[in-house]
Ligand code: COA
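Residue numbers (my numbering): 641 to 801.
Written out as structure tokens, the structure reads:
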């Protein structure tokens, strides 16, 4: 069975992430979406919330599983016997950082390759930071995140409420 792992901090997951999940789920027998810790970022949502959001967004995709993990991605991939890490590339500016991470992960686990999918053009501008910023100011995040989780994001972040 070919297993792929799509890691991210998903704080929160956006439609850009969902686009990558949908497309990657067609490339593997099983795709594990892993909510992980990026040591450089402070999270607004708890791991439980992130996993719950991702599960609700992907409930129509039978070969997608959602988990959380707080250790090294390279170890997680080994534990799951996955053959590839999936990442989305939004712009040339993402490349250097992603290239570094892919090489570091390869060094830590020689058996795993990183596969990059180009983010769909309409999501090129999108990031979790932008979604949080709009939500905090009471703006409309429709079209940026899944309908299923939109209200929960607003309820948590909208400071005007
Ligand atoms: N569409 C729209 N936005 C997207 C996107 C897409 N297809 N793909 C990513 N983004 C956004 C994300 O929302 C994120 O936004 P933010 O910066 O506002 O949070 C941004 O692009 C960066 O995403 P990504 O490159 O996936 O980083 P991340 O912080 O989500 O995930 C981890 C990084 C968690 C995978 C990484 O830190 C990790 O592997 N941690 C585990 C510890 C480890 O092994 N460290 C060593 C790594 S070599």
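Ideal Cβ positions, reconstructed from N, Cα and C, are used throughout, including at glycine.
Requested in this report: Kindly list the residues whose CB is nearer than 8 Å to the CB of residue 752, restricted to its own chain and excluding five residues on each side of it in sequence; keep chain order.
Outcome: 714, 717, 718, 722, 723, 724, 725, 745, 746
Report task. Scan the stretch 662–712 and note each continuous beta strand (DSSP E) run of 3 residues or more that stays entirely inside, going in chain order. Result -> 670–676, 704–709
Query raised in the report: So does the stretch 696–710 actually touch the stretch 667–681, counting three or more Cβ pairs closer than 8 Å?
Result: yes
**Report entry** Buried versus exposed, by CB contacts within 10 Å (16 or more), residue 769
**Finding:** exposed
Query raised in the report: Are the stretch 660–670 and the stretch 681–691 touching by the rule of at least three beta carbon pairs closer than 8 Å?
Result: no
Query raised in the report: Just the Cα atoms here: how many angstroms apart are residue 755 and residue 727?
Result: 6 Å
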